[in-house]
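> Residue numbers (the numbering used here), protein chains in the order written: chain A, 18 to 268; chain B, 9 to 70. This is the structure I want to talk about, given as structure tokens.
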Amino acid sequence: MIGSTGREQTAAPRRGVNDVALGIVGVVGEILITLGVLLALFVVWQLWWTDVQAGREQEQIVAQLDWAGPPSQDQTVAELRTGTPPALEEPTTDGGTIALLTVPRWDGQDSVTVRQGVDRPTILDTGSGGHYPGTAMPGAVGNFAVAGHRTTYGKPFNRIAELEPGDAIVVRTPEIWFVYRVTEHRIVLPQQVEVVAAVPGDPAALPDRARITLTACHPMFSARERYIVHGELEGWLPVADGVPAALTEGA
Amino acid sequence: MMYGALWRALPGAAWAKILVLTILAAVLVVIAFGWLFPLVAGHMPFNEQTVEQASTGLPRRT
Chain A
18 MIGSTGREQT
28 AAPRRGVNDV
38 ALGIVGVVGE
48 ILITLGVLLA
58 LFVVWQLWWT
68 DVQAGREQEQ
78 IVAQLDWAGP
88 PSQDQTVAEL
98 RTGTPPALEE
108 PTTDGGTIAL
118 LTVPRWDGQD
128 SVTVRQGVDR
138 PTILDTGSGG
148 HYPGTAMPGA
158 VGNFAVAGHR
168 TTYGKPFNRI
178 AELEPGDAIV
188 VRTPEIWFVY
198 RVTEHRIVLP
208 QQVEVVAAVP
218 GDPAALPDRA
228 RITLTACHPM
238 FSARERYIVH
248 GELEGWLPVA
258 DGVPAALTEG
268 A
Chain B
9 MMYGALWRAL
19 PGAAWAKILV
29 LTILAAVLVV
39 IAFGWLFPLV
49 AGHMPFNEQT
59 VEQASTGLPR
69 RT
């Protein structure tokens, strides 16, 4: 009897300590499970929902453009001009749509709206390309530099790595088509801002021709490097004349 | 433990508890998708695709 009561007296507090320990482990476990579920939800949001949202925002942005109607099939193909195109003025405020960028090799993909500025929440995360402020406008001598998401947020530059030298990059502004040809691609570090210089790679040089530069992240889903595509202006033509032949090159 | 306590704290039948918890989970997902995740993603480096240089500010980093 004495022995059994003694055992009960010592066992009771130990069971209490065990309960507390079990309780702590249980709560920690539930917190970890909750965090795991949140992380999984974040991945779903990042990989899927940002595309859905950017798609909606792009629809609105395109709907607000009064100059970019749906492409009609019967538009005549017109010859490119190679003289100096009319100069376009760079917007002083961010956000406005300055061009539609079409890459025939990205067959099946909508034109990318290019808006002024490279702010992430307001420009790039809406699925638009962002025009680096201070770089040349389309067609101008210098470097028309555009940043865009390669993954998520509508991923406008998802297929940037498919571009090969000679491929067309067609830029439509309200009045003018500009046709650029890809010259090269580079993979650089995020700090190498010279790729968007007026003469890519040589910030001190004065530009002698009209170029285009696209920047996106590299490798995909990483920020370690940037994938850069350079191109040069082949020619331009007024929208009133027709459409450039390059637009129908296809993949 | 926490979820067990939550389950016991909710009044009503089991189906009512499940209903309430489902609505609660949906609200939490909406909050996460609408506000929490965009906030977190803004600080995630893997979402950057511009070249930039902090010292000159050109191209501008906003």
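The beta carbon of each residue, even a glycine, is placed where N, CA and C say it ideally should be. Since the model is a prediction, treat every value here as computed from it, not as a measurement.
Which value, in whole angstroms, describes the spacing of the CA atoms of E96/A and V48/B?
Roughly 49 Å between the two C-alpha positions.
> Who are the neighbours of E47/A on chain B, taking C-beta pairs under 8 Å?
Ordered by position in chain B, the residues that pass the 8 Å Cβ test against E47/A are M9, M10, Y11.
> Considering only their Cβ atoms, is the gap separating G183/A from V163/A smaller than 7 Å?
It is not a contact, given that the beta carbons lie outside the stated cut-off.
> Looking at the secondary structure, which residues open and close the beta strand (DSSP E) in which T67/A lies?
Where T67/A is concerned, there is no enclosing beta strand (DSSP E), although the alpha helix (DSSP H) it sits in stretches over 67 to 81.
> Against A40/B, what residues of chain A qualify as contacts under a CB-to-CB distance less than 8 Å, listed in chain order?
Here the neighbours are L55, L58, F59, W62.
> With A222/A and V216/A assumed to form a contact (beta carbons below 8 Å), what rounded beta-carbon distance in angstroms separates them?
About 4 Å; that satisfies the 8 Å criterion.
> Which residue from F195/A, A178/A, E179/A puts its Cα closest to that of I186/A?
Checking every option, the nearest Cα to that of I186/A belongs to F195/A.
> In chain A, which residues lie with their C-beta within 9 Å of the C-beta of V28/B?
Result: empty, since nearest Cβ-Cβ is about 18 Å, beyond 9 Å.
> Using a Cβ cut-off of 9 Å, which residues of the region 40 to 60 of chain B contact any Cβ in chain E, in chain order?
Chain labels in this structure do not include chain E; the protein chains are A and B.
> Which chain B residues sit within Cβ distance under 9 Å of H166/A?
Within 9 Å Cβ-Cβ: N55, Q57.
> May I have the straight-line CA-CA distance separating T265/A from D124/A, to the nearest angstrom?
Using only the alpha carbons, I get a separation of about 10 Å.
> List the DSSP bridge partners of R189/A.
DSSP, once it has assigned bridges, lists L117/A, W194/A as partnering R189/A.
> What residues in its chain sit with their C-beta under 6 Å from that of P207/A, if we drop five residues either side in the sequence?
Once the five neighbours on either side are set aside, the close Cβ partners of P207/A are R243.
> Return the residue from the list F59/A, L56/A, V54/A, A116/A that minimises the CA-CA distance to D83/A.
Answer by Cα proximity: A116/A.
> Under a three-way DSSP split, which group does T64/B fall into?
Note that T64/B has pLDDT 40, beneath the 50 cutoff, so the model's placement of it is unreliable and no number is given.
> Just to confirm, is the Cβ distance from R122/A to G252/A under 7 Å?
The answer is no: Cβ separation not under 7 Å.
> Does any C-beta atom of chain B lie closer than 7 Å to the C-beta of S128/A?
Answer no: the Cβ-Cβ gap between S128/A and chain B never drops below 7 Å.
> Quick check: the region 45 to 59 of chain A against the region 151 to 168 of chain A, are at least 3 beta-carbon pairs closer than 8 Å?
Contact between the region 151 to 168 of chain A and the region 45 to 59 of chain A is absent, because fewer than three Cβ pairs lie under 8 Å.
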